[in-house]
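Report on the structure given below.
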Amino acid sequence: MIAYAVDRFVFPGKDILQLLATLPIVVPLVVTGIAMVLFFGAINFQQGYWSIVIAHVVRTIPFATLVILPTFLTFDRQLEEASKDLGANELETFRQITLPSVFPGIIAGGLLAFTLSFNEFVYTYFVKDSSTTTLPIYIWNQIRYNVTPEVNVISVVFLLLAVSLVLIAVSLTRVELLTRR
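Residue numbers (this note's numbering): 59 to 239.
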């Protein structure tokens, strides 16, 4: 939605929205993790599953937005105009023309967000409670004292999954076409 709004609309605060959407990329993970702990404490939000979900959404939105935005920027708007000329309303045009055209970018952004979230350790470590464990936290707890074959297997599968998802995301967005322009 951020990519769509930035591409299509002129509104007060658009520059601020773009800044806020990319800020988690620039700010160090430790600083953001501490800020989230302080924020959750200030609003009396209990650490656990939902704090981890919020932290991961904050971490992944900028990356997904930056992947999805080029698909909107390179989209041929004449297709939307033709759809409207043929009698389709705004919602039908979006659902039948725009969304299918940008869907590979949305999938790629989602895959990249999933990969980043799956690999996220720092945010999770700060905002989790003692009973909630994610795979990176589990691996960290296992390797603190010695590395077992189980951790080696998990790490290899983890790496292969992450690389596969990034390759799928790159192929769906056709990054090579964007770099040639």
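Yeah, the Cβ is synthetic: ideal placement off N, Cα and C, and Gly gets one too.
By the Cβ test, the stretch 131–142 is in contact with the stretch 153–161, since at least three Cβ pairs between them sit closer than 8 Å. By the C-beta density criterion, R117 is buried, having at least 16 other C-beta atoms within 10 angstroms. The Cβ neighbour count for Y203, taken over all protein chains shown within 10 Å, is under 16; the residue is labelled exposed. V228 sits away from A113, with the two beta carbons spaced by 7 Å or more. Excluding five sequence positions before and after G91, the CB atoms of its chain that fall closer than 6 Å to its own CB belong to V180, Y181 and F184, given in chain order. In this structure, I195 keeps its C-beta atom at 7 Å or more from the C-beta atom of V209.
Its chain contains R117, T118 and F121 as the residues whose beta carbon lies nearer than 7 Å to that of L174, once the 5 sequence neighbours on both sides are disregarded; these appear in chain order.
At a cut-off of 4 residues, the continuous stretches assigned as alpha helix (DSSP H) that sit fully inside the stretch 112–157 are 136–143 and 148–151. When the five nearest sequence neighbours on each side are left out, the beta carbons in the same chain lying within less than 7 Å of the beta carbon of N177 are those of P194 and A220, in order along the chain. Of the residues L127, D143 and E150, the one whose Cα lies closest to the Cα of G163 is L127. When the Cα atoms are used, M94 and D73 turn out to be separated by approximately 23 Å. For Q76, the enclosing alpha helix (DSSP H) has its first and last residue at K72 to V84.
In this structure, the straight-line span from the alpha carbon of E139 to that of Q105 is close to 48 Å. Ranked by how close their Cα comes to the Cα of Y107, the residues S222, L223, T191 and L96 have T191 in first place.
Contact between G167 and V125 is confirmed by a C-beta separation of about 4 Å, below the 8 Å threshold. Put simply, the backbone Cα of F69 is about 32 Å away from that of F103. In the three-state reduction of the DSSP assignment, G106 falls in the coil class, being assigned neither a helical nor a strand state.
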